[in-house]
Amino acid sequence: MAKRVRKAVKFGARVAAAARKKLDKEMKMLVKSGIINRGEAKKLLRAIVSEVRAEKERVKQFAKQELKRGLKKAKPLVKRAVSRLRKRRKR
């Protein structure tokens, strides 16, 4: 499960980087066409990036909670398996 979470986080980071590049390109096109000025584009870009960072933290916390929940579920099963192994070794 931890491997899946790691993969998901890495995938999310790649998506965020690609989105940032695309957003930057779109902002340059808007500035070039004269729809917004450069200062407004920078402010908008900063606001969007800060929102993405906040979302990243929220997702990270969610993943940690899910991992803890999965570990709690797995602990009784692991304990049983370990005790079975110990009993076999004693024989």
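Quick note on numbering that gives the first Met the number 0: the sequence shown kicks off at 0 and runs consecutively. Even glycine gets a Cβ: it sits at the ideal position worked out from N, Cα and C. The structure displayed is predicted, hence computed values, not measured ones.
DSSP on residue i, reduced to helix/strand/coil?
{"i": "GLY69", "result": "helix"}
{"i": "GLY11", "result": "helix"}
{"i": "ILE47", "result": "helix"}
{"i": "GLY33", "result": "coil"}
For residue i, which residues of its own chain have a beta-carbon under 8 Å away from its beta-carbon, when the five flanking residues on both sides are left out?
{"i": "LEU22", "result": "LEU44 and ILE47"}
Just tell me which of the options has its CA closest to the CA of residue i.
{"i": "VAL14", "options": "VAL51, LYS78, ARG85 and VAL81", "result": "VAL51"}
On the CB-based measure, 16 or more other CB atoms within 10 Å of its CB, does residue i come out buried or exposed?
{"i": "ALA7", "result": "exposed"}
{"i": "ALA40", "result": "buried"}
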